[in-house]
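So for the sequence shown, our numbering puts the first residue at 392; every next one is plus one.
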Amino acid sequence: MKWLLISAALSLAPTAAWADPCEGRLPGRAGETFAGTVRYVGDGDSLCLGNTTDPAAWIEVRLADFDAAELHSPTGRADRDRLIRRRRLDCVAVRGRNGRVIVYDRVIASCRLNGRRVGDLLRAAGGREGGN
Numbered sequence: 392m393k394w395l396l397i398s399a400a401l402s403l404a405p406t407a408a409w410a411d412p413c414e415g416r417l418p419g420r421a422g423e424t425f426a427g428t429v430r431y432v433g434d435g436d437s438l439c440l441g442n443t444t445d446p447a448a449w450i451e452v453r454l455a456d457f458d459a460a461e462l463h464s465p466t467g468r469a470d471r472d473r474l475i476r477r478r479r480l481d482c483v484a485v486r487g488r489n490g491r492v493i494v495y496d497r498v499i500a501s502c503r504l505n506g507r508r509v510g511d512l513l514r515a516a517g518g519r520e521g522g523n
């Protein structure tokens, strides 16, 4: 019985491997602009931007213009790997389908790389939409 309880407790404990490191202040108003280097990629439409190497300052972003398949789906890892890493993005916070700017501890944003929308770049690189 003791081992069953320990096993159950361990299975319910949070794991660092699944947690994103982004802890920065999120823009809270539509139209608020921010920029930073892509420091972490969670899945095909979620990433973290930061101007330093300190995760406490990284902003977690949900791309407004691309709905990638979920990470556990057949194309999820390929979609995640398609996201641009270590490049500087310019972003603006926008309202999502539910009217909110922040959803699930991420800011919904439209981001650009050298003036081109990231969603357009992902589609041009073969990214297929199909997420939530």
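C-beta atoms are modelled at their ideal positions from N, C-alpha and C, and glycine is treated no differently.
A455 burial status per 10 Å Cβ neighbour count (16 or more: buried): buried
Buried/exposed call for A500, threshold 16 Cβ in 10 Å: buried
Buried versus exposed, by CB contacts within 10 Å (16 or more), V360: Past the boundaries of the shown model lies residue 360; the chain is included only from 392 to 523, so the question cannot be answered.
Secondary structure of N505, DSSP reduced to three states: coil
The region 444-460 touching the region 412-423, judged by at least three CB pairs closer than 8 Å: yes
Identity of the residue in D434, R453, L504 nearest R488 by Cα: R453
Rounded straight-line distance, which links the Cα of T428 to that of P465: 28 Å
Nearest residue (CA-CA) to A516, options R420, A469, A484: A469
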